[in-house]
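So the sequence shown is residues 18 to 224, counted in our numbering. A virtual CB, placed ideally from N, CA and C, is assigned to each residue, including glycine. Let me begin by presenting the structure, written as structure tokens, before commenting on it.
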Amino acid sequence: MKPLYLIGWIISWITARLIFRMKVHHKENIPNKGAFILASNHISLADPQFVGSAVKREIHFLAKKELFNNKLFANILKRVNTHPVNRTGFDKKVIETAVEILQSGEPIIMFPEGTRGREGKFLPARPGIGIIAQTAKAPVVPVYVSGTDKLSACFFGKEKLNLFIGSPVTVEKIKNYTDDKNGYRELADEIMNRIKDLKAEFDGRVN
């Protein structure tokens, strides 16, 4: 890891694991090498850091372009593998950037919903993740995060912070979807359904 990324990763790991006692379930589903998309639901500003701390290698992030308005902060974001995205419409540049990252053999975190929702209240998946996965031919690892929107309660032990990692949507599975708008939408929905399945599988089973 690059020095600045390593510092950020250590801080995120300590914060998630030691301060808020985050538990990561089935981390064996995260590939040790090669490109993949880590696709998670999104309920808190802390999600990118906490989800990223589960990966013991550098991973790339996408963030709204407004965070890059400050030049100093933008420089820091870029040095920790964060790329700007325009959330108001179709962003061809970020699609190309994400595909290039994956084709270079590096992983990336994406939130299929495109914005934050409420825990247990999933938003429809946007087709962008389908376009990227199909174009790059990269596996997608679904993630369900729970508790990041209740960090104060987690700190005091009243709520639990959990990260559930599912089996990857394989490249072979991805190739079954057509390389067009309908295929991208169907693939994005499949990924979101995998995340929903993780919630259904693990809800009420974690002590």
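- Query: Assuming Ala-226 and Ile-182 make a contact with CB atoms under 8 Å, what is their CB distance in whole Å?
  - Reply: Past the boundaries of the shown model lies residue 226; the chain is included only from 18 to 224, so the question cannot be answered.
- Message: I want to see whether chain B comes within less than 8 Å of Glu-176, judged by CB atoms only; does it?
- Response: You won't find chain B in this structure, because it holds only one protein chain.
- Item | Opening and closing residue of the beta strand (DSSP E) in which Val-158 lies | On the sequence shown, position 141 is the one that residue 158 refers to. Here the beta strand (DSSP E) through Val-158 covers 157-163.
- Hey, how far is the Cα of Val-72 from the Cα of Glu-123? Within the sequence shown, the letter at position 55 stands for residue 72. Within the sequence shown, the letter at position 106 stands for residue 123. Computed Cα separation, rounded: 12 Å.
- Task: Alpha carbon to alpha carbon, how far is Leu-79 from Thr-229? Give it in angstroms, no decimals.
- Result: Only positions 18 to 224 of the chain appear in the structure, and residue 229 is not among them; the question remains open.
- Task: Report the three-state DSSP secondary structure of Leu-178 (helix, strand or coil).
- Result: What you label residue 178 is simply residue 161 of the sequence shown in a count that begins at 1. Reduced to three states, the DSSP call for Leu-178 is coil.
- Query: Beta-carbon separation of Ile-31 and Phe-172 under 8 Å?
  - Reply: Against the sequence shown, residue 31 aligns to sequence position 14. Against the sequence shown, residue 172 aligns to sequence position 155. Against a cut-off of 8 Å, the Cβ pair of Phe-172 and Ile-31 comes out as no contact.
- Task: Quick one: residues in its chain with C-beta nearer than 6 Å to the C-beta of Asn-224, no 5 flanking neighbours on either side, listed in chain order?
- Result: Taking the first residue of the sequence shown as position 1, residue 224 is located at position 207. Its pLDDT being 45, under 50, Asn-224 is placed unreliably in this model, and the value from its coordinates should be taken loosely. The answer is none, since no qualifying residue turns up.
- Message: Below 8 Å on the Cβ atoms is my contact criterion, and I expect Val-160 with Val-68 to pass it. Report the Cβ-Cβ distance as a whole number of Å.
- Response: Residue 160 sits at position 143 when you count from the first residue of the sequence shown. Residue 68 sits at position 51 when you count from the first residue of the sequence shown. Contact flag correct, Cβ pair sits at about 6 Å.
- Query: Pick from Phe-219, Glu-189, Gly-145 and Asn-98: whose alpha carbon is nearest that of Asp-197?
  - Reply: Position 180 of the sequence shown, counted from the start, is the residue given in the question as residue 197. If we check each option's Cα against that of Asp-197, Gly-145 comes out closest.
- Just how far apart, CA to CA, sit Asn-103 and Ala-142? As a first step, residue 103 must be located in the sequence shown, where it is residue number 86. As a first step, residue 142 must be located in the sequence shown, where it is residue number 125. Between Asn-103 and Ala-142, the C-alpha separation is close to 16 Å.
- Message: According to DSSP, is Leu-79 part of a helix, a strand, or is it coil?
- Response: The count along the sequence shown starts at 1 and reaches residue 79 at position 62. Strand, per DSSP.
- Task: Please state whether DSSP places Arg-143 in a helix, a strand or coil.
- Result: Taking the sequence shown and counting its residues from 1, one reaches residue 143 at position 126. If DSSP states are grouped into helix, strand and coil, Arg-143 belongs with coil.
- Item | Buried or exposed by the 16-neighbour rule on C-beta atoms within 10 Å, applied to Arg-211 | By 1-based counting over the sequence shown, the position of residue 211 is 194. Buried, since its Cβ has 16 or more Cβ neighbours within 10 Å.
- Give the secondary structure of Leu-204 by DSSP, where H, G and I count as helix, E and B as strand, and everything else as coil. Numbered from its first residue, the sequence shown carries residue 204 at position 187. Note: Leu-204 maps to helix in three-state DSSP.
- Task: Measure how close the beta-carbons of His-59 and Phe-107 come, nearest whole angstrom, since I'm counting them as under 8 Å.
- Result: To locate residue 59, count along the sequence shown from 1; it is residue 42. To locate residue 107, count along the sequence shown from 1; it is residue 90. Contact flag wrong, Cβ pair sits at about 19 Å.
- Query: In this structure, what does DSSP give as the bridge partners for Ile-125?
  - Reply: On the sequence shown, residue 125 is found 108 positions in, with the first residue counted as 1. DSSP output for Ile-125 lists Ile-54 and His-77 as bridge partner(s).
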